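Enquirer:
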Amino acid sequence: MPAPDALRIAFSCADTDEARAARTRLVHRYGNALADEADVIVALGGDGFLLETLHRALTRNRERPTPVYGMNRGSVGFLLNAYREEDLAERIVASQHVRLHPLRMVATRVNGERVEALGINEVSLLRETRQAAKLRITIDKVIRLPELICDGALVATPAGSTAYNLSAHGPIVPLNAGVLALTPISAFRPRRWRGALLPHTAKITFDVLEEGKRPVSAVADFTEVREVLRVEVQECREVGLTLLFDPELNFEERILKEQFAP
35 MPAPDALRIA
45 FSCADTDEAR
55 AARTRLVHRY
65 GNALADEADV
75 IVALGGDGFL
85 LETLHRALTR
95 NRERPTPVYG
105 MNRGSVGFLL
115 NAYREEDLAE
125 RIVASQHVRL
135 HPLRMVATRV
145 NGERVEALGI
155 NEVSLLRETR
165 QAAKLRITID
175 KVIRLPELIC
185 DGALVATPAG
195 STAYNLSAHG
205 PIVPLNAGVL
215 ALTPISAFRP
225 RRWRGALLPH
235 TAKITFDVLE
245 EGKRPVSAVA
255 DFTEVREVLR
265 VEVQECREVG
275 LTLLFDPELN
285 FEERILKEQF
295 AP
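And the structure:
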C-alpha cells in the first residue's frame, strides 16, 4: 500500500441520500481515482453494498481485485468500518488485511444448461413453489444425506456465516477456521439434522429429487438460477479478495463476540 499522500482512492456509494452525501464530501476532500487505477476502493453503504463492491472488483480484475475498505452508511454494517471523514488515507494505510475466498457454484438446470457463478457469502438452494424441496447431499463423492426435505439448504463461507447462514440458525465460523458451514433451511426430514461443518476443501453436491414436482432454484450471492437439477459447490482458492479493517475493529474479535451476543 502506498504512503497516505500517494494513495489513490476510488469512492463508491449505495443509492441512498446518506451514502451519496458522504461520497460527495469525501471526493471533495480526497479526490477520486478511476476504479481501474485505484489502490483501494472505499465503499459507502451497508453490508449488501459492500458485497456488490467486492463482486465489481472481481469483474474488473479477477486475478488481482482491488482491496476494498468499507465505511458504514447503511444499517447493520457488520463488515464495515466506522464512518469518519478525518485521516482516511492514514486509516487505510494502517488497516489490517483480511483475505477472502469465494465459493464457486456450478449449477446444472433441468434443460441441461450449466451456469457458473461465485458466491462471497454463500450458495443457497431454495424451493420455488409451495412444495418442499427434496435434496440429496453428497460430500466428496460420498452420499451423506440420501434425502433432505426442506425449504432449502446453503453453504456459507466464514465471512458469510454471519449473514443468511446465521438467520437460518447456522454456526458462526471464524475466518481462520478452515471450514465451511452447511446449513438446512427449515428442515422437515430428517427432523433433528441441523447441518455440518466441512473442511474448506470439500466438494458439496446437491441433487434435486422430484425436480418436476418440486422445482428448486440456486443462488450465489446475486446470481439466481431457476429449475436446477444439480448444484456443485466448492471453495475457489485461486480467487482471493482483500477486505481492509481498522486495527481497533479487529474483525476476528467481532466474529467471536457475535457468538455470545444475546
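35 is the number of the first residue of the sequence shown in our numbering; add one for each residue after it.
Glycine is no exception: its CB is placed at the ideal position from the N, C-alpha and C atoms.
Quick caveat, the model's predicted, so the values are computed rather than measured.
Please classify residue 65 as buried or exposed, where buried requires at least 16 other C-beta atoms within 10 Å of its C-beta.
Expert: Its Cβ having fewer than 16 others within 10 Å, residue 65 is exposed.
Enquirer: Keeping to the same chain, check which residues put their C-beta closer than 6 Å to that of residue 239; ignore five residues upstream and five downstream.
Expert: Correct list, in chain order: 172 and 266.
Enquirer: Need the endpoints of the alpha helix (DSSP H) that residue 201 sits in, please.
Expert: Element bounds for residue 201: 198-201.
Enquirer: Looking only at its chain, what residues have a beta carbon closer than 7 Å to the beta carbon of residue 165, apart from the 5 residues adjacent to it on each side?
Expert: 247 and 248, listed in sequence order.
Enquirer: Tell me where the beta strand (DSSP E) around residue 167 begins and ends.
Expert: Per DSSP, residue 167 belongs to the beta strand (DSSP E) from 167-173.
Enquirer: So residue 44 and residue 69 are supposed to be a Cβ contact under 8 Å. How far apart are they, rounded?
Expert: With 8 Å as the limit, residue 44 and residue 69 qualify as a contact, their Cβ atoms being about 4 Å apart.
Enquirer: Label residue 289 either buried or exposed according to how many other C-beta atoms from any shown protein chain fall within 10 Å of its C-beta, with 16 as the threshold for buried.
Expert: Counting Cβ neighbours within 10 Å, residue 289 comes out buried, since at least 16 surround it.
Enquirer: Under 8 Å between the Cβ atoms of residue 91 and residue 275?
Expert: Going by C-beta atoms, residue 91 is nearer than 8 Å to residue 275.
Enquirer: Grouping DSSP H, G and I as helix and E and B as strand, with all else coil, what is residue 219?
Expert: Looking at residue 219 - three-state DSSP - the assignment turns out to be strand.
Enquirer: Give the secondary structure of residue 230 by DSSP, where H, G and I count as helix, E and B as strand, and everything else as coil.
Expert: DSSP places residue 230 in strand when its eight states are reduced to three.
Enquirer: Can the beta-carbon of residue 280 be found closer than 8 Å to that of residue 115?
Expert: Yes, the Cβ-Cβ distance between residue 280 and residue 115 is below 8 Å.
Enquirer: Is the CB-CB distance between residue 163 and residue 263 below 8 Å?
Expert: Taking 8 Å as the Cβ cut-off, residue 163 and residue 263 do not qualify as a contacting pair.
Enquirer: Alpha carbon to alpha carbon, what distance is there between residue 103 and residue 232?
Expert: The alpha-carbon atoms of residue 232 and residue 103 are separated by roughly 29 Å.
Enquirer: I need the straight-line Cα distance from residue 217 to residue 46, nearest angstrom please.
Expert: The alpha-carbon atoms of residue 217 and residue 46 are separated by roughly 33 Å.
Enquirer: Whose CA, out of 224, 235 and 223, lies closest to the CA of residue 215?
Expert: The residue with the shortest Cα to Cα distance from residue 215 is 235.
Enquirer: Taking 6 Å as the limit between beta carbons, can you name the residues of its chain near residue 195, skipping five residues before and five after?
Expert: If we look at residue 195 and ignore the five residues flanking it on each side, its Cβ neighbours are 206, 207 and 215.
Enquirer: Is there a Cβ of chain C sitting closer than 8 Å to that of residue 264, yes or no?
Expert: Within the model displayed, chain C is absent; a lone protein chain is all it includes.
Enquirer: Using a Cβ-Cβ cut-off of 8 Å (strictly less than) and excluding sequence neighbours within five positions of residue 302, which residues of its own chain qualify?
Expert: Shown here, the chain extends from 35 to 296; a query on residue 302 therefore has no answer.
Enquirer: Apply the 10 Å Cβ neighbour rule to residue 251 and answer buried if 16 or more other Cβ atoms are within range, or exposed otherwise.
Expert: By the neighbour-count rule (16 or more Cβ atoms within 10 Å), residue 251 is buried.
Enquirer: Look at the alpha carbon of residue 261 and the alpha carbon of residue 212, and state the distance between them as a whole number of angstroms.
Expert: Residue 261 and residue 212: Cα-Cα distance of roughly 31 Å.
Enquirer: Closer than 7 Å by C-beta to residue 222: which residues in its own chain qualify, once you throw out the five before and the five after it? Chain order, please.
Expert: For residue 222, where only same-chain residues beyond five positions count, the Cβ hits under 7 Å are 166, 183 and 184.
Enquirer: Applying the 10 Å Cβ sphere with the 16-neighbour rule, what's the burial state of residue 55?
Expert: Per the 10 Å Cβ criterion, exposed.
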